[in-house]
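Undergrad: Here it is: the structure, laid out below.
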Amino acid sequence: MIADSTPSSASAAPGSEGASSEARSGEPSPPPRFDPAMPGVAGVYNAFQGTEKDSLPAERAVAAELDELIGGGLDEARRENRAALARMVSHVARHRPKIRQWMDIGAGMPVPEGEKISNLSALVREIQPDRLWLNVDIAARPLVHGRALLDGDGVTTLKGDLRQLEQLLAEAERHLNLRKPVVVILGAVLHFLNDDEAARVIAVFRSRLAAGSVVIVTHATGDSFPPGVVEKVTSHYERRTRVQPYLRSGEQLAALLADCKPFKWHEPGSGPQELPLKKVPLTFEMLPDESSALADPSAPHARAAIAVLRGS
46 MIADSTPSSA SAAPGSEGAS SEARSGEPSP PPRFDPAMPG VAGVYNAFQG
96 TEKDSLPAER AVAAELDELI GGGLDEARRE NRAALARMVS HVARHRPKIR
146 QWMDIGAGMP VPEGEKISNL SALVREIQPD RLWLNVDIAA RPLVHGRALL
196 DGDGVTTLKG DLRQLEQLLA EAERHLNLRK PVVVILGAVL HFLNDDEAAR
246 VIAVFRSRLA AGSVVIVTHA TGDSFPPGVV EKVTSHYERR TRVQPYLRSG
296 EQLAALLADC KPFKWHEPGS GPQELPLKKV PLTFEMLPDE SSALADPSAP
346 HARAAIAVLR GS
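In this text, residue positions in the sequence shown follow the numbering used here: the first is 46, and each later residue adds one.
Structure representation (structure tokens):
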């Protein structure tokens with residue numbers, strides 16, 4: 046809601062496990078309290094694939110209810126969301142080698158051991174050994190697990206709220222130089238913000254981050270749902286988690302990114318290429334490989350985009 050991004054664990058949008066930001070003292074503030082009876086976004090996301098290690102019974106129940114409402118396929122969508130994020134961060138790391146700063150907002154739970162996909166920070170480290178990486182989340186469990194399992198070797202876990210982006214970026218400046226380009230990952234996060242909030246996030250990034258910064262996005266969509274299902278899914282999710290999702294269409298996501306530029310690169314032996322923003326692809330269509338070719342196109346896949354900030 047994703048490789049370091051399990052998704053968005055209410056994820057930097059205030060949600061079921063608390064909301065605040067890093068202590069001004071410079072010391073990490075304690076994680077927000079959470080109620081094990083209240084499903085959290087990150088745990089529901091993990092439960093889509095039936096993993097009990099990183100989800101609670103209440104979260105597994107919500108995942109099963111949502112999967113039934115949609116008609117199945119959420120486990121497939123989750124796997125491909127993670128795989129698409131892995132492909133996108135690896136691609137950007139290779140084709141923007143001068144950008145060595147990364148910020149994953151709504152990082153969620155670290156990838157469980159034994160999965161085929163590594164955490165995003167580890168994938169980028171293989172390409173950029175000296176990269177700096179911030180994992181940002183607002184929920185208790187991702188913060189605790191992230192600090193215990195991922196911090197060190199250029200990785201820092203930071204508590205922050207995407208809806209309080211100016212404050213989040215002020216805290217991020219303690220770790221990154223925002224006067225230089227940054228890669229921002231919003232894996233399964235923007236669909237927890239309403240239209241005004243999401244537009245403001247992109248506008249703040251454009252005004253506060255250096256031109257040439259890159260934004261990587263995955264976003265849930267209801268484009269393939271039968272009539273009436275989007276409303277049932279969003280209302281049920283909000284009732285069970287106290288977090289409202291906004292399942293935007295591909296056209297709506299493209300409009301949200303309209304002030305950004307397509308990601309362009311040059312492959313040896315071929316002409317210039319770009320990832321267009323006017324038609325935001327589904328995750329299995331983004332930088333496809335042998336694995337994505339096996340994806341079930343009937344599953345409720347998310348949308349995926351890579352955009353370059355123009356600056357304001």
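Where a beta carbon is used, it is the ideal one built from N, C-alpha and C, also for glycine.
For Q146, is the classification buried or exposed, using 16 other Cβ atoms within 10 angstroms of its Cβ as the cut-off for buried?
TA: By 1-based counting over the sequence shown, the position of residue 146 is 101. Burial call: buried.
Undergrad: For the beta strand (DSSP E) that contains P187, what are its first and last residues?
TA: One-based indexing of the sequence shown puts residue 187 at position 142. Premise fails: P187 lies in the alpha helix (DSSP H), A185 to L194, not in any beta strand (DSSP E).
Undergrad: What residue ranges within the segment 241-290 form continuous alpha helix (DSSP H) runs of no fewer than 4 residues, ordered along the chain?
TA: 274-286
Undergrad: Look at L221 and V181 and say whether their C-beta atoms are less than 8 Å apart.
TA: Here the question's residue 221 lines up with position 176 in the sequence shown. Here the question's residue 181 lines up with position 136 in the sequence shown. The answer is no: Cβ separation not under 8 Å.
Undergrad: Look at the alpha carbon of H103 and the alpha carbon of R348, and state the distance between them as a whole number of angstroms.
TA: In the sequence shown, counting from the first residue as 1, residue 103 sits at position 58. In the sequence shown, counting from the first residue as 1, residue 348 sits at position 303. Here residue 103 turns out to be Ala, not His, going by the sequence shown. Going from the Cα of A103 to the Cα of R348 covers about 27 Å.
Undergrad: Starting from the C-beta of A299, find all residues in its chain whose C-beta is less than 6 Å away, skip the five residues before and the five after it, and write them out in chain order.
TA: Indexing the sequence shown from 1 puts residue 299 at position 254. For A299, where only same-chain residues beyond five positions count, the Cβ hits under 6 Å are L322, K323 and V325.
Undergrad: Is it buried or exposed, H346, if we count other Cβ atoms within 10 angstroms and call 16 or more buried?
TA: Numbered from 1 along the sequence shown, position 301 holds the residue referred to as residue 346. The residue is buried, with at least 16 neighbouring Cβ atoms inside 10 Å.
Undergrad: Just to confirm my understanding: we take L195, look at its own chain, exclude 5 residues before and 5 after, and list those with CB closer than 8 Å. What are they?
TA: Along the sequence shown, read from residue 1 onward, the residue named residue 195 stands at position 150. Closer than 8 Å at the Cβ level, and outside the excluded window around L195, lie D49, P155, N164, S166, N180 and T202.
Undergrad: Which one or two residues does DSSP pair with D38 in a beta bridge?
TA: This structure gives no information on residue 38, because the portion of the chain shown stretches from 46 to 357.
Undergrad: Alpha carbons only, please: which of I230, L238, I247 and K143 is nearest the one belonging to E283?
TA: By one-based count along the sequence shown, residue 283 stands at place 238. Taking only the C-alpha atoms, the option nearest E283 is L238.
Undergrad: Is the beta carbon of V288 closer than 8 Å to that of V86?
TA: Sequence index remark: in the sequence shown, residue 86 carries index 41 (1-based). Sequence index remark: in the sequence shown, residue 288 carries index 243 (1-based). Yes; because the gap between Cβ atoms is below 8 Å, this pair is in contact.
Undergrad: Determine contact between the segment 118-130 and the segment 172-191, defined as no fewer than three beta-carbon pairs at a distance below 8 Å.
TA: no
Undergrad: In its own chain, which residues sit with a C-beta less than 8 Å from the C-beta of F250, not counting the 5 before and 5 after it?
TA: Residue numbering aside, residue 250 sits at position 205 when the sequence shown is read from its first letter. Excluding residues within five positions, the ones whose Cβ falls inside 8 Å are L210, V229, S258, V260 and L354.
Undergrad: Between the alpha carbons of A255 and D198, how many angstroms are there, rounded?
TA: In the sequence shown, counting from the first residue as 1, residue 255 sits at position 210. In the sequence shown, counting from the first residue as 1, residue 198 sits at position 153. Roughly 25 Å separates the two Cα atoms.
Undergrad: What does DSSP give as the partner residues of T202 in its beta bridges?
TA: Position 157 of the sequence shown, counted from the start, is the residue given in the question as residue 202. Beta-bridge pairing links T202 to N180.
Undergrad: Assuming L111 and V278 form a contact by the criterion Cβ under 8 Å, report the distance between their Cβ atoms to the nearest whole angstrom.
TA: Residue mapping note: residue 111 aligns to position 66 of the sequence shown, counting from 1. Residue mapping note: residue 278 aligns to position 233 of the sequence shown, counting from 1. The beta-carbon separation of L111 and V278, rounded to 6 Å, stays under the 8 Å limit for a contact.
Undergrad: For M83 and L320, I'd like the C-alpha separation in whole angstroms.
TA: Here residue 83 corresponds to residue number 38 of the sequence shown, with the count starting at 1. Here residue 320 corresponds to residue number 275 of the sequence shown, with the count starting at 1. Near 39 Å, if we compare the C-alpha coordinates of L320 and M83.
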